[in-house]
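K.L.:
One structure is given below, represented as structure tokens, and several questions about it will come after.
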Amino acid sequence: MRDVIRRKKQLFQPYIEAYFQYKHLPHVGLYSFNLPVLCINDPDLAKLILIKDFESFQSHGIFSDSFIGDPLGGHLFNIHGPKWKSLRVKLSPAFTPGKLKTFFPFVERIANDALEYSESKCKNKETLNFSNFYAKYAMELVGSVGFGIETNGFKNAETEFQKRGHQFFEYTSIYWTIVRAIAFFAPDFFKKFRMNRTDPNINKFFFNLVKDTVHYRERNNYHRSDFLQTLIDLKKNDNDVKSEKDRDTYSLTFTDVAANTMLYMLAGYETSATTGMYAAYELARNPDIQAKVRDEVNTVLAKHNGQWTYEAQNEMTYVNMVLDETMRKYPPMRALFRRCNRDYKVPNTDLVIEAGTLIFIPIHAIQMDPDIFEDPEKFDPERFTPEKKGKMHPCHWMPFGEGPRKCLGLRQGYIQSKMALVKLLSNYELLLDSKTQEPLRVKATSFPCAPEGGVWIKLRRL
Numbered sequence: 001m002r003d004v005i006r007r008k009k010q011l012f013q014p015y016i017e018a019y020f021q022y023k024h025l026p027h028v029g030l031y032s033f034n035l036p037v038l039c040i041n042d043p044d045l046a047k048l049i050l051i052k053d054f055e056s057f058q059s060h061g062i063f064s065d066s067f068i069g070d071p072l073g074g075h076l077f078n079i080h081g082p083k084w085k086s087l088r089v090k091l092s093p094a095f096t097p098g099k100l101k102t103f104f105p106f107v108e109r110i111a112n113d114a115l116e117y118s119e120s121k122c123k124n125k126e127t128l129n130f131s132n133f134y135a136k137y138a139m140e141l142v143g144s145v146g147f148g149i150e151t152n153g154f155k156n157a158e159t160e161f162q163k164r165g166h167q168f169f170e171y172t173s174i175y176w177t178i179v180r181a182i183a184f185f186a187p188d189f190f191k192k193f194r195m196n197r198t199d200p201n202i203n204k205f206f207f208n209l210v211k212d213t214v215h216y217r218e219r220n221n222y223h224r225s226d227f228l229q230t231l232i233d234l235k236k237n238d239n240d241v242k243s244e245k246d247r248d249t250y251s252l253t254f255t256d257v258a259a260n261t262m263l264y265m266l267a268g269y270e271t272s273a274t275t276g277m278y279a280a281y282e283l284a285r286n287p288d289i290q291a292k293v294r295d296e297v298n299t300v301l302a303k304h305n306g307q308w309t310y311e312a313q314n315e316m317t318y319v320n321m322v323l324d325e326t327m328r329k330y331p332p333m334r335a336l337f338r339r340c341n342r343d344y345k346v347p348n349t350d351l352v353i354e355a356g357t358l359i360f361i362p363i364h365a366i367q368m369d370p371d372i373f374e375d376p377e378k379f380d381p382e383r384f385t386p387e388k389k390g391k392m393h394p395c396h397w398m399p400f401g402e403g404p405r406k407c408l409g410l411r412q413g414y415i416q417s418k419m420a421l422v423k424l425l426s427n428y429e430l431l432l433d434s435k436t437q438e439p440l441r442v443k444a445t446s447f448p449c450a451p452e453g454g455v456w457i458k459l460r461r462l
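Using UniProt numbering, read the sequence shown as starting at 1 and increasing by one per residue.
Structural data, given as structure tokens:
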């Protein structure tokens, strides 16, 4: 971890490199500081851990549940056991097609704001920093759908919401970088000593924001069809259950509501921002693929009388293939992780994975393995036709995870990544600017798979 602490390598880079060094082995033991980590190289073994024998590997095993030093940590991503199962069941209806359709107007309006912003840049002949553009777009979506607020980030200078949101993902100080790395691998250390894993100012800002928004809605009997309202309704329904016999094993508190708005930020920001930005980068580098995407967008829009509807974006199959290939080359999270919660004997071997062992599955390495994906550096959406995707090994492509803990919001992620991109493509040709540092390198200080120096693109009006 020396180069990670010195900010020369991104957090997951040593494990990505280890995969290619040891991929002839089904698994390999590495260390993180003084902690042993078992890295899984064999997709069939990954399938056992993530899907078939999930009960032995329920926990992500990183960070922590909520406690004094981390009040917003108790969301679906961090918890496990009966509490996780109960909350997963409660939140699943928030991401059904019917519910996503109610979220869609918020996404479409913000995509229009993004288009208007890009038009102003084009008029002034400015090159667009797509890293900042998609970060701003995704943070607006998180604010609107997840937290129920409108910040008008494309029209205003950096808002407090955007500033705190970006700080949550990317710390600028070495202190918080080290704290984040230790908290990732040794969460119990922080729980034991009641230490802050996250800057208290960030926690305080988001907790108070949710508190003020919820109180406003309750006082004014105001209802908005967003993710925060879903959490408010779940809490109310839990409190309305009078009989202890009928009460669910886990009832939502206000802290749970606040914590799970942060879940929307974790899931909604990284996926939308990194996938949309890298998709634009690859389309700018591959004009033939860009033209094919534009043809599909225009064909679908013509069928829907030029209306950008939920149904229209659902029919953009080739766009989804582009996003799938983008997430193969640039998965927002470069590794999956689980912690073994009971001793597990690997079938047909002498290996026993001991309870408490942290498991890493370096998905970025697997998805860039030439033995799995031929010529992996080539950007080829045809790898992800519906037919080919249906026949794919479930652990060869896992940007949303796999098994019972697979991301609930994956369909919302596609919509959010897609909308700004397709609106741009219907108006502009995307051209890669020389400011983009090629080949792209993963930014060492970033938790997700962000590029060093950003992605810069010129817009040429069609």
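Don't be surprised by glycine CBs; every beta carbon is placed ideally from N, CA and C.
Because the structure is a prediction, the values reported are computed rather than measured.
1. Hey, would you say P332 sits closer than 8 Å to T385, going by beta carbons?
2. If you compare alpha carbons, which of T436, N314, R109, L351 is closest to M28?
3. Quick one: give me the first and last residue of the alpha helix (DSSP H) that L263 is part of.
4. Relative to the C-alpha of D295, which residue among R383, S426, N341 is closest?
5. DSSP three-state call for residue 502: helix, strand or coil?
6. Need the endpoints of the beta strand (DSSP E) that C39 sits in, please.
7. Given this structure, state the Cα-to-Cα distance separating H364 from D240, to the nearest angstrom.
8. Which residue comes first and which comes last in the alpha helix (DSSP H) that contains E108?
9. When you compare the stretch 231-239 with the stretch 49-60, are there three or more beta-carbon pairs, one atom per stretch, that lie closer than 8 Å?
10. Which residue or residues does DSSP assign as beta-bridge partners of F337?
11. Give the DSSP bridge partners of H27, in chain order.
12. Who are the near neighbours of F77 in its chain, counting only those whose CB is closer than 7 Å to its CB and skipping five residues on each side?
13. Would F360 pass as a contact of C39 if the rule is Cβ separation under 8 Å?
14. In its own chain, which residues sit with a C-beta less than 6 Å from the C-beta of T159, not counting the 5 before and 5 after it?
15. Can you give the beta carbon distance from Y281 to F130, rounded, assuming they're within the 8 Å contact cut?
16. On a CA-only basis, which of Y310, E325, L336 is nearest R411? Give me that one, please.
17. List the residues that DSSP assigns as beta-bridge partners of L301.
18. From T198, V4, K458, I415, pick the residue whose C-alpha is nearest to that of Y137; which is it?
19. Just the Cα atoms here: how many angstroms apart are W397 and H80?
20. Relative to the C-alpha of residue 544, which candidate in A355, V37, N221 has its C-alpha closest?
21. Quick one: what does DSSP say L430 is sitting in, helix, strand or coil?
22. By Cβ distance, which residues of its chain are closer than 8 Å to Y22, with the 5 residues on each side in sequence left out?
23. Pop quiz: M139 and Y269 are said to be a contact at Cβ under 8 Å. What is the actual Cβ separation, rounded to whole angstroms?
24. For A284, count the other beta carbons within 10 Å of its own beta carbon; 16 or more makes it buried, fewer makes it exposed. Which is it?
25. Among the residues of its own chain, which have a CB less than 6 Å from the CB of D226, if the five just before and after it don't count?
26. In this structure, does DSSP put P14 in helix, strand or coil?
27. With DSSP as the reference, please indicate the residues paired to S32 in a beta bridge.
28. Grouping DSSP H, G and I as helix and E and B as strand, with all else coil, what is Y344?
29. Using only the alpha-carbon positions, how far apart do L72 and N305 sit?
30. What are the uninterrupted segments assigned as beta strand (DSSP E) that are 3 or more residues long and contained completely in the stretch 398-450, given in chain order?
31. Quick one: what's got a C-beta closer than 6 Å to M277's C-beta in the same chain, skipping five residues either side?
32. To the nearest angstrom, how far is the alpha carbon of A312 from that of V300?
33. Just tell me which of N156, E429, I366 has its CA closest to the CA of G401.
34. For I457, name the three-state secondary structure that DSSP assigns.
35. Between the stretch 374-393 and the stretch 252-263, are three or more C-beta pairs nearer than 8 Å?
36. Would DSSP call L351 helix, strand or coil?
P.N.:
This is what the structure holds:
1. no
2. The amino acid at residue 28 is misidentified as Met; the sequence shows Val. The shortest Cα separation from V28 among T436, N314, R109, L351 belongs to L351.
3. 254-285
4. S426
5. Since the first residue of the chain shown is 1 and the last is 462, residue 502 is not available in this structure.
6. 35-40
7. 45 Å
8. 97-123
9. no
10. F360
11. I40
12. H60, L263, L266
13. yes
14. T151, G153
15. 7 Å
16. Y310
17. Per DSSP, none; premise fails for L301.
18. I415
19. 24 Å
20. Past the edges of the chain, shown from 1 to 462, lies residue 544, and the structure says nothing about it.
21. strand
22. V28, C39, N41
23. 6 Å
24. buried
25. V145, G148
26. helix
27. L35
28. strand
29. 44 Å
30. 428-432
31. F130, S131, Y134, V455
32. 6 Å
33. I366
34. strand
35. no
36. coil
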